[in-house]
Structures are given as structure tokens and as C-alpha cells.
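Below is one structure; the comments refer to it alone.
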Amino acid sequence: MAASSFPFNAEALLVQSLTDYAIYMLDPEGHILSWNPGGQRIKGYTDAEVIGHHFSQFYTEDDVRRGEPQRGLATARSEGRFEAEGWRVRKDGSQFRANIVIDPIWQDGELMGFVKVTKDVTERFKAQTRLQEAERTLAQSQKIHAIGQLTLGIAHDFNNVLAVVTASLDLIARTSSEERRQQLVDAAQKAAHRGSMLSRQMLAFARGQNLSPANLDVNELIRASIEVYRRAAGAIATCTLDLVDGDPVAYVDGARFEAALMNLVANARDAMTAQGSIVIATRVVQPADGVHPDLQPGRRYLYITVTDDGPGMGEEVRLRAMEPFFTTKDVGRGSGLGLSQVFGFASQSGGFASIHSEPGAGTRVTIAVPVVE
Ligand SMILES: Nc1ncnc2c1ncn2[C@@H]1O[C@H](COP(=O)(O)OP(=O)(O)OP(=O)(O)O)[C@@H](O)[C@H]1O
Ligand SMILES: [Mg+2]
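Counting from 1, one number per residue, gives the positions in the sequence shown under full-length UniProt numbering.
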């Protein structure tokens with residue numbers, strides 16, 4: 001069967017004029033029967049160079065070894081269509097990101113061949129990758145920003161630690177009582193221990209050890225950075241934990257998770273006008289269908305909530321709070337990106353985020369991510 005035996009001239013014209021798509025026909029074994037200018041533009045071969053050849057020449061060596069070309073044809077044949085995205089090879093050996101569709105052509109119950117459509121999606125793929133990188137960098141720089149804000153409090157804390165250590169050493173030098181000496185040594189050791197805990201936690205937080213998703217024990221992640229959240233809560237708010245038993249696991253990016261919690265704690269602190277409390281809690285929940293449009297029915301979710309007893313939000317603020325750049329704070333005090341980072345983190349982790357808040361009744365922000373069973 002040759003391409004010209006197909007009885008559609010208008011269609012042939014259309015196929016010839018499409019240059020963003022490589023559209024060509026294959027015989028039942030996968031040999032190329034026709035070629036269009038899009039194929040030449042994307043892959044670099046003229047029709048004389050490819051017609052009669054096997055279409056696996058466009059695949060990478062690895063894909064050929066894995067039997068990808070045959071798998072595409074077999075799936076198209078048995079299921080009526082094959083769709084995939086992957087790397088393909090041009091004539092000059094360079095690679096491009098391809099979105100491909102293979103459709104079988106049947107005539108009177110006999111397989112005549114296949115139509116294959118390839119679209120070059122390299123630009124889109126690169127843009128997506130760049131976006132993901134930018135988001136990572138943003139999460140990381142938000143954390144560094146937070147660390148900057150914390151520095152003052154930490155310096156104060158380290159001063160206290162050092163004051164205890166130096167005072168103890170001074171007194172040890174002067175005392176003659178063995179019992180008193182022992183007490184002073186204990187006090188100095190405790191203070192030094194506290195200092196080293198503090199610096200370890202700060203370092204772990206600033207480094208953001210996990211920069212890509214992994215199966216993580218979320219309770220452990222929260223416990224490991226509680227000192228940092230306490231410090232972010234500042235003098236105006238206490239920050240306590242209420243973590244579910246069983247240490248559930250979720251597939252999340254640890255650094256972005258910590259940045260999200262940090263944003264929530266900072267928001268609660270910023271909202272407080274009088275002494276208040278912030279509670280970070282985790283719960284495993286099987287939400288009712290329809291609770292959220294992005295809910296995957298039947299799955300269990302880990303709810304991470306940050307609840308404060310601050311002034312809460314009015315309806316119009318609550319509805320817009322997750323919008324990027326929405327802020328009610330003065331210039332320089334808020335960029336309006338905190339909650340949109342929380343929202344982005346939750347949805348990119350396969351979950352969702354929501355805000356419950358009423359004026360005078362405090363605020364609860366929930367991050368829900370699927371539990372890894
Ligand atoms: N816990 C809260 N209590 C009361 N209002 C809140 C709370 N959290 C957020 N908001 C409101 O939602 C707005 C948006 O919050 P978001 O974290 O996105 O930005 P921001 O805190 O203003 O700035 P940024 O976090 O970028 O420094 C806040 O300006 C505030 O009005
Ligand atoms: Mg904020």
C-alpha cells in the first residue's frame with residue numbers, strides 16, 4: 001500500500017501544510033510510507049531519506065532496546081490509539097521532546113498501517129522545567145528570608161546561652177564547695193547543649209535537606225524544626241504541637257513543606273494584636289466526597305493545620321488570601337506570596353489547601369496531602 005492510494009486529496013494538502021506536526025503513515029510493520037514538511041522541519045530528513053525506512057530510527061538507542069517503537073504500534077493496534085511523550089532523535093543526532101499519537105488504520109477488518117503524529121514540545125517542556133526550578137529557588141529564598149528575620153531572636157538566645165556558660169565558669173573558679181561546683185558544671189553543660197541544639201536545627205532548616213519530593217515522616221519533619229517555628233512565633237504567641245499517633249508518611253518536598261509551615265506561623269504571628277497561641281496539628285482524615293474539587297475519592301489525607309486565636313479574617317480577605325500578591329500588610333511588611341506558596345505546595349503534592357476564618361474567631365489553615373499507605 002502506498003500513500004498515494006489514500007483517497008483524500010484535501011486532507012493530503014492539509015497534512016502537507018502542517019509544519020508544526022510531523023504527520024506520516026506507517027505500514028503494519030512500522031516502515032514509513034509518507035512524510036510531510038512538518039516531519040522534515042522537526043526531524044531534519046527529506047522524504048527520500050526516510051520513506052521505506054523503519055520509524056524506530058527516530059527513537060533513542062535506549063528506547064529501541066526497550067522495544068518502545070513496537071510497544072507503540074502494538075498498543076495502538078490493540079487499544080485503538082497510543083499516546084506518549086518522550087525524547088526523539090533528529091537527523092543531526094540532537095534530541096527533542098516529542099508528544100506522539102499513533103492511530104491504526106483498519107480497512108474491512110484488516111490492519112492497513114498507522115498514522116503517526118509527532119509534535120515538538122521541547123519549548124513547553126523546558127519552560128515547565130524552568131518553572132519548577134524557579135519555584136524551588138523561591139521556596140529556598142523564602143526560607144532564607146525567614147532565617148534572616150529570625151537572626152535577631154537567635155542572637156539573643158545565644159547570648160543567654162553564653163551568659164550562663166561564662167557565669168558558671170566564673171563561679172566555678174571562685175567556689176571551694178564540691179557540691180556547688182557540680183551544680184555549676186551541670187548548668188553550663190545544659191546551656192551549651194541548648195546552644196548546639198539550636199544551631200543544629202537552624203542549619204538543618206536553612207539547608208533545606210530535601211529539595212525534591214520523597215516519602216517523609218511529616219510529624220518528624222515538624223518536630224525537627226519546632227524551635228524555628230517557636231522563634232518565628234516570637235514573643236507574642238506560644239507555638240505548640242498536637243501531632244497524630246502513628247507518624248504517617250507523605251510524598252512531599254521537605255524544604256517546601258517547611259517553607260509553607262513557616263509562612264503560616266508567620267501569618268498567625270503578624271495577625272496577633274495581643275498575646276495568643278498557635279497550634280500546629282496533624283490528623284489522618286478520609287474526607288467526604290466533594291469536600292474539595294481536587295479530592296481523589298477513597299484516599300486518606302494527612303491534614304496539617306495551623307490554628308491561631310488571632311483576630312481572624314473577614315469574608316472578602318479570606319476569599320482572596322491565597323491569590324499571589326494579595327496582602328493587607330503595609331509595603332515592605334508583606335509581599336502577599338505566603339499563602340500562594342502554601343497553596344502551590346499543597347496542590348503540587350497532590351493535595352489541597354483551605355482556610356477557615358471568621359472575624360474574632362481566629363484562623364485555621366489546612367494543608368491536605370495524600371497519605372502514602
Ligand atoms: N492567620 C491569619 N490571620 C489573619 N489574617 C491572615 C492570616 N493569614 C493570612 N491572613 C491575611 O491574608 C493575607 C495574605 O497572606 P499571605 O501570607 O499570602 O501574604 P502576606 O502575609 O500579606 O505577605 P507574605 O507572606 O508574602 O510576607 C494577609 O495579608 C492577611 O491579610
Ligand atoms: Mg504571609
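The beta-carbon is built from N, C-alpha and C at its ideal position, and this holds for glycine as well.
DSSP three-state assignment for proline 359, whether helix, strand or coil: coil
Cutoff 6 Å; reference glycine 72; Cβ partners in own chain excluding five residues on either side: Phe82 and Ile102
Beta-carbon contacts of alanine 2 that lie in its chain and below 6 Å, excluding the five residues immediately before and after: Per-residue confidence for alanine 2 stands at a pLDDT of 44, beneath the threshold of 50, marking its modelled position as unreliable; the derived number appears in the next sentence. Cβ within range, chain order: n/a, list empty.
Alpha helix (DSSP H) runs wholly inside the region 155 to 242, at least 4 long, in chain order: If we require 4 residues or more, the alpha helix (DSSP H) runs fully inside the region 155 to 242 come out as 178 to 207, 218 to 224 and 226 to 233.
Through-space distance from leucine 221 to glycine 208, alpha-carbon basis: Low local confidence applies: a pLDDT of 49 at glycine 208 is under 50, so the model's placement there is unreliable, and no value is given.
Cβ-based burial, threonine 366 [other Cβ within 10 Å; buried from 16]: buried
Residue from Gln142, Leu14 and Val89 whose Cα sits closest to the Cα of leucine 261: Gln142
Tryptophan 35 burial status per 10 Å Cβ neighbour count (16 or more: buried): buried
Any heavy atom of ligand 2 nearer than 6 Å to the CB - residues listed: Asn263, Ala266, Asn267, Gly334 and Gly338
Inter-stretch contact (C-beta, 8 Å, three-pair minimum) for the region 249 to 263 and the region 313 to 322: no
Pairwise C-alpha distance: methionine 25 and valine 249: 48 Å
Boundaries of the alpha helix (DSSP H) in which isoleucine 42 is found, first to last residue: 37 to 43
Cross-strand partners of aspartate 103 (DSSP beta bridge): Val115
Contact under 8 Å by Cβ, threonine 328 with valine 279: No, these two residues do not count as a Cβ contact at 8 Å.
Valine 306 and alanine 268 closer than 8 Å at C-beta: yes
Buried/exposed call for glutamate 123, threshold 16 Cβ in 10 Å: exposed
Cβ neighbours of glutamate 110 in the same chain (closer than 6 Å, five flanking residues each side left out): none
Residues bridged to leucine 26 [DSSP beta-bridge criterion]: Ile32 and Phe114
Run of the alpha helix (DSSP H) containing glutamate 323, from where it starts to where it stops: Premise fails: glutamate 323 is in no alpha helix (DSSP H) and is neither H nor E.
DSSP state of alanine 288 mapped onto helix, strand, coil: coil
Whole-angstrom distance between phenylalanine 345 and proline 370, CA atom to CA atom: 13 Å
CB-CB length for proline 359 against glycine 310, believed under 8 Å: The Cβ separation is near 11 Å, so there is no contact.
Span separating the alpha-carbon of arginine 194 from that of aspartate 247: 26 Å
Residues near histidine 292 by beta carbon distance below 6 Å, same chain, minus five either side: Phe352
Cutoff 8 Å; reference glutamine 275; Cβ partners in own chain excluding five residues on either side: Excluding residues within five positions, the ones whose Cβ falls inside 8 Å are Ile236 and Ala237.
Three-state secondary structure (DSSP) of glycine 86: Residue state, collapsed to three classes: strand.
heavy atom of ligand 1 below 7 Å from proline 287 C-beta: no
Where histidine 54 falls: helix, strand or coil (DSSP): strand
Alanine 191 burial status per 10 Å Cβ neighbour count (16 or more: buried): buried
Where leucine 33 falls, given that 16 or more other Cβ within 10 Å makes a residue buried: buried
beta-carbon aspartate 330 near ligand 1 non-hydrogen atom, thresh 7 Å: Incorrect: aspartate 330 has no Cβ contact closer than 7 Å to ligand 1.
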